[in-house]
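Residue numbers (the numbering used here): 224 to 422.
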C-alpha cells in the first residue's frame, strides 16, 4: 500500500482580484458609515466603508458636485493614470479634467466604488464581523441599498443635492434610483445604456 503525506497547509489565495487591506490606495479615500446600514431585505450591514475618488474643488455650498456612478465591473477610478493602486488608467479619463466635458475647473466630481464592489468598498472580500472575509455570507444587495450607501457618502461630503448624477449600465440604474428615490437630492440626470430594472 502506497502512503503519501498531505502537503503542508498553505494559506488560501485571495477569493477575488479585489482590493485588499494593505494594497496601495492610489487616489482612493474612504468614508465609514457608523451605524449599520439597513437593507431592503431587513438585514443590517455593519461597518460599511465606501471607497471614492474626487476631482476638482467643492464649492462652499456643495452646489457644483457631480456624482459619477460606474458600471458593474468598474470602480471609482474614473480619471487619472495607471499606477500603484490603479492597474489601469481611468475609464472615463477623456471626459473628466480641466476643459473636458466634466470640467474640474468648474465641477466637483465624485465617484464612489459601489457597495458590494471589490475595489475598496465593503463587499464579499471585506472582513465580516468575525474578521474573516464575508465571502458567500455577504448579504444580497439591491440598487436601492447601494444608493442608500451613496447618500451617506453625500452626507459625509456635505452635498445636499447633486448638480448632476451620471451613470452607465448598472451605474445608470443607480442614477435612476437617485432620481426616483431621492428627487430632492438629484439635479440633472444622465443615464447611459441602462434599464430601469434587471430581468
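Even for Gly, the Cβ is constructed at its ideal location relative to N, Cα and C.
Since this is a predicted model, take the numbers as computed values, not measurements.
Residue i and residue j closer than 7 Å at C-beta
i           : j           : result
residue 394 : residue 292 : yes
residue 368 : residue 262 : yes
residue 254 : residue 402 : no
residue 241 : residue 348 : yes
residue 273 : residue 398 : no
Helix, strand or coil at residue i according to DSSP, with G and I counted as helix
i           : result
residue 272 : strand
residue 324 : coil
residue 358 : helix
residue 319 : strand
residue 292 : strand
residue 408 : helix
residue 385 : strand
residue 421 : coil
residue 415 : strand
residue 301 : coil
residue 397 : helix
Assumed close pair residue i, residue j - CB separation to whole angstroms, cut-off 8 Å
i           : j           : result
residue 327 : residue 249 : No, residue 327 and residue 249 are not in contact; Cβ-Cβ is about 17 Å, not under 8 Å.
residue 320 : residue 305 : Their Cβ separation, rounded to whole angstroms, is 16 Å, which puts residue 320 and residue 305 out of contact at 8 Å.
residue 370 : residue 346 : Their Cβ separation, rounded to whole angstroms, is 16 Å, which puts residue 370 and residue 346 out of contact at 8 Å.
residue 251 : residue 340 : Actually they do not touch by this definition, with Cβ atoms about 12 Å apart.
Residue i - partner residues in DSSP beta bridges
i           : result
residue 252 : 275
residue 309 : 306
residue 391 : 415
CA nearest to the CA of residue i, picked from the options
i           : options            : result
residue 409 : 245, 383, 277, 323 : 383
residue 386 : 247, 354, 333, 356 : 333
residue 300 : 281, 257, 344      : 344
residue 311 : 342, 244, 361      : 342
residue 260 : 287, 298, 330, 365 : 365
residue 336 : 284, 297, 414      : 297
residue 286 : 329, 350, 362      : 329
Minimum Cβ-Cβ distance from residue i to chain C less than 7 Å
i           : result
residue 353 : Among the protein chains of the structure shown there is no chain C, as only one such chain exists.
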